[in-house]
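Heads up: the sequence shown at position 57 corresponds to 57 in the working numbering, and the numbers run straight through without jumps. Ideal Cβ placement from N, Cα and C applies to all residues, glycine included. Quick notes on the structure that follows.
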Amino acid sequence: MTEVIKVKNLSKSYHDYQAVDHLALTVNRGNVFGLLGANGAGKSTSIECILGIKKSEEGEVSILGMDPRRDRIKLFQKVGVQFQEANYQTEIRVNELCEETACLYKEPADWRALLTQFGIKEKEKSAVKQLSGGERQRLFIVLALIPNPEVVFLDELTTGLDARARRHVWKLISGLKKQGLTILLTSHFMDEVEALCDTICILKKGKTVFYGTVAKAIETSPFDTFEDAYLWYSDEEEMVE
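Shown next as structure tokens:
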């Protein structure tokens, strides 16, 4: 199956506020898809609806050929999720959290190897509250990969990381992509999007204002760089110098 994630006419509103307005997207196996937009554009709500965490008023969603609400138990074993605002017990140690997570899955990945890959193996016995923001962010990515998923959702995956750590994570994500992992991510770092994403969707007030490649976004904008093109599409062009 080529199409891993398929979304058609997805809509979600809160009273009079339209958070997601007829979103449509397709993510093929082994691809990295970037869902972009300014804060409040509808990215998080879109992901929550795609995952079946929130119920949409309209539209169809398929992940690995399954309905995320009806087939939640089956999909749970095949999907990894990392949310930017993940909340865990602050007193729990890293190894305890990883072990508890691994116990939920039939064929979990080696979480100790993942900690090593993401440069936090030495924090294995530290409490989550003792981790720096960047270390905590890398831990959340590890937790998303423990299910040994076929598809993973990453929300602002390198927030809080320094430049060297960000590029290390990019290299790891690129390696996972080569192994066939399908990734849907959000990011505010345009260099990250350029480095990782095969296809992007830019949202503005819940509506899709661009869908295609980074190169196409630049080509169809008045600008020569992707960051400027993105700001123009997302209606943040006043930020461009």
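Residue interval of the beta strand (DSSP E) (run including Asp155): Residue 155 sits at position 155 when you count from the first residue of the sequence shown. Here the beta strand (DSSP E) through Asp155 covers Val151 to Asp155.
I'd like to confirm the pairing. Which residues does DSSP put opposite Phe33 in its beta bridges? Along the sequence shown, one-based indexing puts residue 33 at 33. Phe33 pairs with Leu184 and Thr199.
Could you check how far apart the C-beta atoms of Lys12 and Val20 are, in whole angstroms? I think they sit under 8 Å. In the sequence shown, counting from the first residue as 1, residue 12 sits at position 12. In the sequence shown, counting from the first residue as 1, residue 20 sits at position 20. Rounded, the Cβ-Cβ distance is 4 Å, consistent with contact.
Going by DSSP, which residues form a beta bridge with Val79? In the sequence shown, the residue the question calls residue 79 occupies position 79. Note: Val79 sits in a beta bridge opposite Val151.
Between Glu219, Asp162, Ser62 and Phe210, which lies nearest to Ser234 when the distance is taken from Cα to Cα? The count along the sequence shown starts at 1 and reaches residue 234 at position 234. That would be Phe210, whose Cα lies nearest to the Cα of Ser234.
Between Ile200, Lys205, Glu135 and Glu150, which lies nearest to Val169 when the distance is taken from Cα to Cα? Along the sequence shown, one-based indexing puts residue 169 at 169. Residue Glu135 is the option with its Cα nearest to Val169.
With DSSP as the reference, label Ile53 as helix, strand or coil. Here residue 53 corresponds to residue number 53 of the sequence shown, with the count starting at 1. Here Ile53 sits in coil by DSSP.
Taking just the CA atoms, how far does Glu58 sit from Glu122? Here residue 122 corresponds to residue number 122 of the sequence shown, with the count starting at 1. Here residue 58 corresponds to residue number 58 of the sequence shown, with the count starting at 1. Using only the alpha carbons, I get a separation of about 47 Å.
Entirely enclosed alpha helix (DSSP H) segments - the region 93-161, minimum 4 residues: 94-102, 111-117 and 133-145
Assigned exposure category for Gly175 - 16 Cβ within 10 Å defines buried: Your numbering for residue 175 matches position 175 in the sequence shown. By the neighbour-count rule (16 or more Cβ atoms within 10 Å), Gly175 is not buried but exposed.
Do you know how far the Cα of Lys177 is from the Cα of Cys197? Against the sequence shown, residue 197 aligns to sequence position 197. Against the sequence shown, residue 177 aligns to sequence position 177. Looking at the two C-alpha atoms, the distance is approximately 10 Å.
Three-state secondary structure (DSSP) of Thr26: Residue 26 sits at position 26 when you count from the first residue of the sequence shown. It is a strand residue.
Taking buried to mean at least 16 other C-beta atoms within 10 Å of its own C-beta, is Leu14 buried or exposed? As a working mapping, residue 14 is identified with position 14 in the sequence shown. Correcting the residue identity first, residue 14 is Tyr in this sequence and not Leu. Exposed, by the Cβ-count rule.
So which of Ser221, Gly133, Lys54 and Ile141 has the shortest CA-CA distance to Thr101? Translated into the one-based positions of the sequence shown, residue 101 becomes position 101. With distances taken between Cα atoms, Thr101 lies closest to Ile141.
Could you tell me which of Ser56, Ala195, Thr90 and Leu104 sits nearest to Lys74, measuring between CA atoms? Start at 1 with the first residue of the sequence shown, and residue 74 comes out as number 74. Checked all of Ser56, Ala195, Thr90 and Leu104; the closest Cα to Lys74 is Leu104.
Measuring straight from C-alpha to C-alpha, what distance separates Val32 and Leu184? Position 32 of the sequence shown holds residue 32. Position 184 of the sequence shown holds residue 184. Computed Cα separation, rounded: 6 Å.
Among residues of its own chain, excluding the 5 on either side of Tyr230, which ones have a beta-carbon nearer than 6 Å to its beta-carbon? As a working mapping, residue 230 is identified with position 230 in the sequence shown. Excluding residues within five positions, the ones whose Cβ falls inside 6 Å are Met190.
Should the region 32-51 be called in touch with the region 198-207, which here means at least 3 C-beta pairs below 8 Å? yes
Under the three-state reduction of DSSP, which class applies to Asp224: helix, strand or coil? The residue labelled residue 224 in the question sits at position 224 within the sequence shown. Asp224: coil per DSSP, three-state reduction.
With 16 other CB atoms within 10 Å as the buried threshold, where does Arg164 fall? For this step, residue 164 is matched to residue 164 along the sequence shown. So Arg164 ends up on the exposed side.
Limits of the alpha helix (DSSP H) - the one that Ser174 falls within: If you number the sequence shown from 1, residue 174 lands on position 174. It spans Ala163 to Lys178 - the alpha helix (DSSP H) in which Ser174 sits, taken as one unbroken run.
Answer yes or no: do Glu156 and Thr116 have a C-beta to C-beta separation smaller than 8 Å? Indexing the sequence shown from 1 puts residue 156 at position 156. Indexing the sequence shown from 1 puts residue 116 at position 116. Cβ atoms of Glu156 and Thr116: not closer than 8 Å.
Which residue or residues does DSSP assign as beta-bridge partners of Gly212? The residue labelled residue 212 in the question sits at position 212 within the sequence shown. Answer is Ile200, bridged to Gly212.
The beta strand (DSSP E) with Gly59 in it runs from where to where? Mapped onto the sequence shown, residue 59 falls at position 59. Taken as a continuous stretch (DSSP letters only), the beta strand (DSSP E) holding Gly59 covers Glu58 to Ile63.
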